[in-house]
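Enquirer:
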Amino acid sequence: MAETTATESVDPKMAAVYQDRQFFGHPKGLGVLGSGNLFNSIAWAAFNAIFIYYLYTPFSKGLGFSQGQASSIIAAMGVANSVFGIVGSWLADRVLGMQKALVWGNVTKALGFAMMAIPAITMNQGRIFMFIGLILLCVPLMGSSNASLTAQLYRKSDDARRDAAFNVHNIFNSIGGLLAPVIVGNISTKNYHIGFAIAAVAALGYAGIILIFGHKFFGDLGLKPVKPLTKREGTTVLKWSGLVAAVLLVAFGVALGTHSLTFDRLLNLITTMAFLIPLAFFTKMFTNKAISKHERRVFKPMGKLLAIQVFQAVIWALTGPATLMYMDQKLNRTVGGFTFAPATFVSIGAAFALIFNPVATYLWTATKFGSRIHSLSKMALSYILGSVTLFVIPLTIFLATGKVNPLWYILTMLVDNFTGAVGGPSGISLMAKMAPKSYDTQIQTAWSQCTTIGNGIGMLVFMVFNTVDKQLTLFPFLGVGSVLVGIYLYATRSKLEAAMA
Numbered sequence: 001m002a003e004t005t006a007t008e009s010v011d012p013k014m015a016a017v018y019q020d021r022q023f024f025g026h027p028k029g030l031g032v033l034g035s036g037n038l039f040n041s042i043a044w045a046a047f048n049a050i051f052i053y054y055l056y057t058p059f060s061k062g063l064g065f066s067q068g069q070a071s072s073i074i075a076a077m078g079v080a081n082s083v084f085g086i087v088g089s090w091l092a093d094r095v096l097g098m099q100k101a102l103v104w105g106n107v108t109k110a111l112g113f114a115m116m117a118i119p120a121i122t123m124n125q126g127r128i129f130m131f132i133g134l135i136l137l138c139v140p141l142m143g144s145s146n147a148s149l150t151a152q153l154y155r156k157s158d159d160a161r162r163d164a165a166f167n168v169h170n171i172f173n174s175i176g177g178l179l180a181p182v183i184v185g186n187i188s189t190k191n192y193h194i195g196f197a198i199a200a201v202a203a204l205g206y207a208g209i210i211l212i213f214g215h216k217f218f219g220d221l222g223l224k225p226v227k228p229l230t231k232r233e234g235t236t237v238l239k240w241s242g243l244v245a246a247v248l249l250v251a252f253g254v255a256l257g258t259h260s261l262t263f264d265r266l267l268n269l270i271t272t273m274a275f276l277i278p279l280a281f282f283t284k285m286f287t288n289k290a291i292s293k294h295e296r297r298v299f300k301p302m303g304k305l306l307a308i309q310v311f312q313a314v315i316w317a318l319t320g321p322a323t324l325m326y327m328d329q330k331l332n333r334t335v336g337g338f339t340f341a342p343a344t345f346v347s348i349g350a351a352f353a354l355i356f357n358p359v360a361t362y363l364w365t366a367t368k369f370g371s372r373i374h375s376l377s378k379m380a381l382s383y384i385l386g387s388v389t390l391f392v393i394p395l396t397i398f399l400a401t402g403k404v405n406p407l408w409y410i411l412t413m414l415v416d417n418f419t420g421a422v423g424g425p426s427g428i429s430l431m432a433k434m435a436p437k438s439y440d441t442q443i444q445t446a447w448s449q450c451t452t453i454g455n456g457i458g459m460l461v462f463m464v465f466n467t468v469d470k471q472l473t474l475f476p477f478l479g480v481g482s483v484l485v486g487i488y489l490y491a492t493r494s495k496l497e498a499a500m501a
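In the UniProt record's numbering, the protein residues as written are 1 to 501.
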């Protein structure tokens, strides 16, 4: 670690970045990345606030899928996004550079949202446009470039400011998450396609802010690939990419021509990818001979954090669609004769996050208390407190005689967002700290591959638990697991901290 710090202090440009505190005590580049995240959160919050309802709402207003199919599509999209994120991170590290990856990735994403903004004249046409849009949304250009660039703005030893930087991102995300769902959700009670158009415009805003301000505030950081391909490597990659693309196009054409590409077979293929591709990625990363013995020492604690993140990803995969359907079907959303869109409650959760994240940022960076609490202790606390939601939501249905009073759900959101602010960014911050040289973006991708596995498990579960009522029965079991993970992290924090040092 001393060697790394010394190297960083010799580079005048990087020293200036490390010492820059002009953006609320952080480098100005964080303001650019945070603003990009604001547009990103508006785009995805608008999309996520309405997508599952668009899927299972009957045609012609929606696409007429079943609840189980809708949940599986959400999980499949999560798998595809994180699987292709491997390629995106590789492209950012070896071909594009992180700044270009962010620009072109968001342009492609805007096209994906725009495909869904086209009204569905027939159900088949609507479903085809939806699948094309999802493919474009999963095109692997960005990877984890935003998180990687954020981590590179700080010294490896600057845990407190780096933790706070990811909390700053959470603040920007919460602003977008506050505005988009309530606006888009209520507009979409009349027309879902307007909501998708808003998402497309926001994605273009993300690309624009990086394109306009990136070079000014990042300089050369992320402008070029970290480890550019040699001419020979580039030729080899081009040949193999062309071959793979040709094979996929032929296979897709044959499947369509023979009518053998069914919904269930496509989901089975994606589920298989959810396990095989992360396994191959982790094997390659942990056995890479280019990583020095000194850097390799952190692989054991890194593996433990990744395993815990897989469990967290399972929670997200299983509870995400179920919670959205719970808001739609179980909550009493009528107040004073006006019925609120389900996505309104997503905005309430974002409002809590907007309150708690600045408090957490101040607590961890500007007080003596913050400097004494290690990231692992924050994570432990967040897992233990985060179990409250998993116990309370199914309990409200058990106790209710009709629709559930929304105040119960608002209470769970308060607790959930408090715990997210306390410990949410700590895991990814620790991974950034432990990242081997030239693996910054790919380590962030390794973190996202846990989400791939979690969504893969979710797809398997949704084959059996295919309604919202069945899915809600899983919540208490996930809550018990969350408590046990928190206890483990707290009990072993000293050993893990020593292994990371």
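We treat Cβ as the ideally placed atom computed from N, Cα and C, and that holds for glycine.
Could you pull the start and end residues of the alpha helix (DSSP H) that GLN19 belongs to?
Expert: That run of the alpha helix (DSSP H) goes 12 to 19.
Enquirer: Does the beta-carbon of LYS433, which I'm using as the reference point, lie nearer than 7 Å to any heavy atom of the ligand GTP?
Expert: By its list of ligands, the structure shown contains no ligand whatsoever, and the ligand GTP lies outside what it can speak to.
Enquirer: Which same chain residues end up closer than 7 Å to MET130 when comparing Cβ atoms and leaving out the 5 residues on each side of it in sequence?
Expert: LEU63 and MET116.
Enquirer: Within a Cβ cutoff of 6 Å, which residues of the same chain sit near TYR192, ignoring the five residues on either side of it in sequence?
Expert: Contacts found: ILE50 and TYR54.
Enquirer: Taking the alpha helix (DSSP H) that ARG94 belongs to, which residues open and close that run?
Expert: Premise fails: ARG94 is in no alpha helix (DSSP H) and is neither H nor E.
Enquirer: Let me know the secondary structure DSSP gives THR344 once reduced to three states.
Expert: Reduced to three states, the DSSP call for THR344 is helix.
Enquirer: Could you say which of PRO228, LEU137, VAL182 and LEU484 lies nearest to TYR383 if we only look at CA atoms?
Expert: The residue with the shortest Cα to Cα distance from TYR383 is LEU484.
Enquirer: Do PHE475 and LEU390 have their beta-carbon atoms positioned less than 8 Å apart in this structure?
Expert: Yes; because the gap between Cβ atoms is below 8 Å, this pair is in contact.
Enquirer: Are the beta-carbon atoms of ILE171 and LEU354 separated by less than 8 Å?
Expert: Taking 8 Å as the Cβ cut-off, ILE171 and LEU354 qualify as a contacting pair.
Enquirer: Mapping DSSP to helix, strand and coil, what is THR451?
Expert: It is helical.
Enquirer: Is it true that the CB of LEU221 sits closer than 8 Å to the CB of LEU149?
Expert: In this structure, LEU221 lies closer than 8 Å to LEU149 by Cβ.
Enquirer: Where does THR5 sit, in a helix, a strand or coil, going by DSSP?
Expert: Per-residue confidence for THR5 stands at a pLDDT of 45, beneath the threshold of 50, marking its modelled position as unreliable; the derived number appears in the next sentence. It is helical.
Enquirer: Identify every run of the alpha helix (DSSP H) within the segment 243 to 318, keeping only runs that are complete inside it and at least 4 residues long; order them along the chain.
Expert: Qualifying alpha helix (DSSP H) stretches, in chain order: 263 to 286 and 293 to 296.
Enquirer: Report the rounded CA-to-CA distance for ASN466 versus GLY68, giving the unit in angstroms.
Expert: One C-alpha to the other measures close to 4 Å.
Enquirer: Could you give the DSSP three-state label for PHE65: helix, strand or coil?
Expert: It is coil, neither helix nor strand.
Enquirer: Under a Cβ-count criterion, where at least 16 other Cβ atoms within 10 Å of its own Cβ denotes burial, should GLN19 be classed as buried or exposed?
Expert: GLN19 should be labelled exposed.
Enquirer: Does ILE487 pass the burial test, meaning 16 or more other C-beta atoms within 10 Å, or should it be called exposed?
Expert: Answer is exposed; the Cβ neighbour count stays below 16.
Enquirer: What's the call for GLN312, buried or exposed, on a 16-neighbour Cβ count within 10 Å?
Expert: So GLN312 ends up on the buried side.
Enquirer: Is the segment 262 to 276 in contact with the segment 444 to 456, if contact means three or more CB pairs nearer than 8 Å?
Expert: With a cut-off of 8 Å, the segment 444 to 456 and the segment 262 to 276 count as touching, because enough Cβ pairs lie within range.
Enquirer: For GLY195, tell me which candidate among ALA491, LEU179 and GLY458 has the shortest Cα-Cα distance.
Expert: The option with the nearest alpha carbon to GLY195 is LEU179.
Enquirer: Compare the C-alpha of LEU30 against each of VAL17, SER41, ASN40 and ILE42 and name the closest.
Expert: For LEU30, the nearest C-alpha among the options comes from VAL17.
Enquirer: Looking at the structure shown, is PHE23 part of a helix, part of a strand, or coil, going by DSSP?
Expert: Here PHE23 sits in strand by DSSP.
Enquirer: Per DSSP, what are the beta-bridge partners of PHE131 in this structure?
Expert: BP columns for PHE131 are empty, so no partner.
Enquirer: Where residue 526 and THR323 are concerned, what is the direct C-alpha to C-alpha distance, given to the nearest angstrom?
Expert: Residue 526 lies beyond the residue range present for the chain, which begins at 1 and ends at 501; the question has no answer from this structure.
Enquirer: SER448 and SER144 - do their beta-carbons sit closer together than 8 Å?
Expert: Yes, the pair counts as a contact, with Cβ atoms nearer than the cut-off.
Enquirer: Tell me which residue opens and which closes the alpha helix (DSSP H) that ASP158 is part of.
Expert: Note, ASP158: premise wrong, no alpha helix (DSSP H); not H, not E.
Enquirer: Give me the Cα-Cα distance between TRP104 and VAL346, rounded to the nearest whole angstrom.
Expert: When rounded, the distance between both Cα atoms is 29 Å.
Enquirer: Ordered along the chain, which non-local residues of its own chain (more than five positions away) have a Cβ less than 8 Å from that of LYS300?
Expert: Result list for LYS300: ALA499, in chain order.
Enquirer: Within a Cβ cutoff of 6 Å, which residues of the same chain sit near ALA43, ignoring the five residues on either side of it in sequence?
Expert: Contacts found: ALA199, ALA202 and ALA203.
Enquirer: Beta-carbon within less than 6 Å of LEU489's beta-carbon, same chain only, minus the 5 sequence neighbours each way: which residues are those?
Expert: Result list for LEU489: LEU376, MET379 and ALA380, in chain order.
Enquirer: Please state if the CB of ALA343 and the CB of VAL184 are separated by a distance shorter than 8 Å.
Expert: Going by C-beta atoms, VAL184 is nearer than 8 Å to ALA343.
Enquirer: Suppose contacts are defined by Cβ-Cβ distances below 8 Å. Is ILE86 in contact with ILE52 by that definition?
Expert: No, the Cβ-Cβ distance between ILE86 and ILE52 is not below 8 Å.
Enquirer: By a C-beta neighbour count over all protein chains shown, 10 Å radius and 16 as the cutoff for buried, is ASN167 buried or exposed?
Expert: With 16 or more Cβ atoms within 10 Å of its Cβ, ASN167 is classed as buried.
Enquirer: Quick one: what's got a C-beta closer than 7 Å to GLY219's C-beta in the same chain, skipping five residues either side?
Expert: Taken in chain order, the residues that qualify are LYS13.
Enquirer: Between PRO358 and the rest of its own chain, which residues show a CB-CB distance below 7 Å, the 5 nearest in sequence each way excluded?
Expert: Counting only Cβ-Cβ distances below 7 Å, and skipping sequence neighbours, we find ILE171.
Enquirer: Between THR319 and ILE348, what straight-line distance do the alpha-carbon atoms span, to the nearest angstrom?
Expert: Looking at the two C-alpha atoms, the distance is approximately 18 Å.
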